[in-house]
Amino acid sequence: MTDGPRELRVVITVPDHDVAVHFYRDVLGMREQASFSDDNGGRATLLRLGTATLEVGDEAHAAAIDELEVGRRVSGGVRLAFEVKDARAVAAALLGAGATEVAPPVGTPWGSVNARLESPDGQQITIYHNEVYLGPREKHDGPVLLAEPDAGWPRTAEALIADLDDALGDTAVVLEHVGSTSIPGLPAKPIIDLVLGVPDPSDEPAYVPQIEAVGYELHLREPEWHEHRLLKHTDPPVNLHVFAADSGEIERMVGFRDHLRRDPADLDRYRRAKRELAARTWEFVQDYADAKSEVVEDILRRALDGGTAGPAPGTPLRGCFVLVSGPPASGKTTLARQLAPLLGLPLLAKDTLKESMFDSLGASDLEQSRRLGRCAVDALLALARVSGGAVLEAPWYPDRAGELADLPGRVVEVFCRVDRETARRRHAGRRDRHPGHFDGERDHHELWQSVGEPVAGGWPVVEVDAATPIDAAALARELRRVLGDGDDEADA
3 MTDGPRELRV VITVPDHDVA VHFYRDVLGM REQASFSDDN GGRATLLRLG TATLEVGDEA
63 HAAAIDELEV GRRVSGGVRL AFEVKDARAV AAALLGAGAT EVAPPVGTPW GSVNARLESP
123 DGQQITIYHN EVYLGPREKH DGPVLLAEPD AGWPRTAEAL IADLDDALGD TAVVLEHVGS
183 TSIPGLPAKP IIDLVLGVPD PSDEPAYVPQ IEAVGYELHL REPEWHEHRL LKHTDPPVNL
243 HVFAADSGEI ERMVGFRDHL RRDPADLDRY RRAKRELAAR TWEFVQDYAD AKSEVVEDIL
303 RRALDGGTAG PAPGTPLRGC FVLVSGPPAS GKTTLARQLA PLLGLPLLAK DTLKESMFDS
363 LGASDLEQSR RLGRCAVDAL LALARVSGGA VLEAPWYPDR AGELADLPGR VVEVFCRVDR
423 ETARRRHAGR RDRHPGHFDG ERDHHELWQS VGEPVAGGWP VVEVDAATPI DAAALARELR
483 RVLGDGDDEA DA
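Take a look at the structure:
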């Protein structure tokens, strides 16, 4: 398997170069990237779009699309398709520029509007837009106001992630703070962007009702683009993007965030691009977001090509155990999920085991909850001993800490430190959401006493500040160094 091509270029031969360039560049709106002449007098112009895809279909597929858009089989071996904001308006403009209508705009079963035309050079093209919004779009018609960086954004995101994690349980395979509010020093629209990875985004009943129950509303769905769903929260303002847990879009979003957190030059470049574009007048805010795509793609291409961004799985750390500890709602569960694939280790999470026992046994009261919590620790430790290495949430029962020292391999602990007031506030929020599982301030005091410091069983401890964004990829490299994994290329 190669690294894959970086660009899709469709090459067309036309009878009249100037007419075709006017049609595609001046009317359709493609951007001219280069123009050149051959020694024999030939001319060519390279026009660019933000993204390109190659749709490979068989004869039956082509016939089905022709039947849907036109009502009969008409296309040849190559058909160009352009996504636009308004297929009807763009089709009308192209007809005025010399195109011929093959079929008028038609709605499709997957929520798009498609118009089939023939360009002046005889090329058959589809103009389409996706009607993905579930409600009316609000026009902006002005510049985009960017707020100065706010240290409170990560804390707000952390609380939102904790709420969603509680609501979704194991359905939330990935849950991350992304976008400009997740990058220190970057101005942003004061809207928190979160990305959620679930097993199957098309199975909306499996996760949308739970998210709506904590104040979100489904805003749009894009089944043709990684099964993307967008849910919005108004107070505080949140955009929650949902993809399949293994979607490359999650890797791109997290990789872009992590790269800008550690690359001052690209951070400054992106900051300047945002300010320049935000000062312009935009019909819709999404148009501003789309306009940033060129600089985003360029930064991402270099970041990912250089191997410095993205949560790509690392070489497995066989015989190593990474204990992730910290107070409740410190982000340790999310951090453990991030570290496991980066270190090539299985994830063992006590709460996952405990919740499974709850479901199987039908536990209902506080005392049963505590008993099952200890049973989950038994199961976690037993699985760890036979795993050959794992990332696990360290049990916070003081009388069980010694058992971690008996794990058969090298051990390092990651402690998510949170100040007492923050721990108290977060714990109070969890108690309010799950009153049957907590026993007032006494329970909180005992819990804090047992987890307020690292387990520290004689192994190295790497402390992270849970109140600030954590670069999981950089932390994974540090853990490899501490564990003495000299073969890891990230340490070279």
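In the working numbering, the protein residues as written are 3 to 494. Ideal Cβ placement from N, Cα and C applies to all residues, glycine included.
Residues bridged to Ile127 [DSSP beta-bridge criterion]: Leu82, Leu119
Spatial neighbours of Arg277 in its chain, beta-carbon cut-off 8 Å, leaving aside the 5 residues before and after: Result list for Arg277: Leu148, Pro189, in chain order.
C-alpha distance - Thr128 paired with Ala62, whole-angstrom precision: 18 Å
First and last residue of the uninterrupted alpha helix (DSSP H) at Asp20: 19-23
Distance, Ala83 Cα to Phe258 Cα: Approximately 28 Å, taken between the alpha carbons.
Opposing strand residues paired with Glu395 [DSSP bridges]: Note: Glu395 sits in a beta bridge opposite Val326.
Rounded straight-line distance, which links the Cα of Val146 to that of Glu405: 55 Å
Assigned secondary structure, Ala153 (DSSP; H/G/I helix, E/B strand, else coil): Coil at Ala153, not helix or strand.
Beta-carbon contacts of Gly486 that lie in its chain and below 6 Å, excluding the five residues immediately before and after: none
Contact the stretch 342-351 vs the stretch 384-397: 3+ CB pairs below 8 Å: yes
Residue interval of the beta strand (DSSP E) (run including Thr236): Taken as a continuous stretch (DSSP letters only), the beta strand (DSSP E) holding Thr236 covers 230-236.
Extent of the continuous alpha helix (DSSP H) to which Gly98 belongs: 89-98
Pro211 to Ser327 span [Cα, whole Å]: 31 Å
Residue environment, Gly109, which counts as buried when at least 16 other CB atoms sit within 10 Å: exposed
Delimiting residues of the alpha helix (DSSP H) encompassing Thr183: Per DSSP, Thr183 lies in no alpha helix (DSSP H) and is assigned neither H nor E.
Which residues DSSP lists as bridging Leu350, in chain order: Leu394
Contact belief for Ala174 with Leu198 at Cβ below 8 Å, rounded distance in angstroms: 6 Å
Residue of Tyr272, Ala280, Leu319, Val287 minimising C-alpha distance to Val298: Tyr272
Contact check, Val414 vs Pro462, beta carbons under 8 Å: yes
Opposing strand residues paired with Leu198 [DSSP bridges]: Leu177, Val244
Residue range of the beta strand (DSSP E) that includes Val464: Bounds of the beta strand (DSSP E) holding Val464 are 463-467.
Top-ranked residue by Cα proximity to Ala213, from Pro343, Glu224, His235: The sequence shown places Ile at residue 213, not Ala. For the options Pro343, Glu224, His235, the alpha carbon positioned closest to that of Ile213 is the one of His235.
Spatial distance of Val287 from Gly181 (CA atoms): 15 Å
Contact set for Asp20: own chain, Cβ-Cβ below 6 Å, skip 5 residues either direction: Nothing listed; no residue qualifies.
Cβ-Cβ distance between Ser184 and Ala164 below 8 Å: no
Residues near Ala280 by beta carbon distance below 7 Å, same chain, minus five either side: Pro145, Val146, Leu148, Tyr290
Same chain only: Cβ atoms within 7 Å of Thr102, ignoring 5 sequence neighbours per side: Leu119, Glu120
Nearest to Pro207 (by Cα), restricted to the options Pro192, Arg231, Trp227, Lys191: The residue among Pro192, Arg231, Trp227, Lys191 with its C-alpha nearest the C-alpha of Pro207 is Arg231.
Nearest to Asp265 (by Cα), restricted to the options His24, Asp473, Val23, Leu56: Asp473
As assigned by DSSP and simplified to three states, the class of Glu103: Reduced to three states, the DSSP call for Glu103 is strand.
Nearest neighbour of Leu233, chosen from Ala64, Ile194, Gly43 [CA to CA]: Ile194
Residue environment, Lys334, which counts as buried when at least 16 other CB atoms sit within 10 Å: buried
Beta-carbon proximity list for Ala117, same chain, < 6 Å, skipping 5 on both sides: Ala89, Ala93, Pro107, Ile129
Under the three-state DSSP convention, the category His142 falls into: coil
Residue from Val58, Val29, Gly171, Gly187 with nearest C-alpha to Asp270: Gly187
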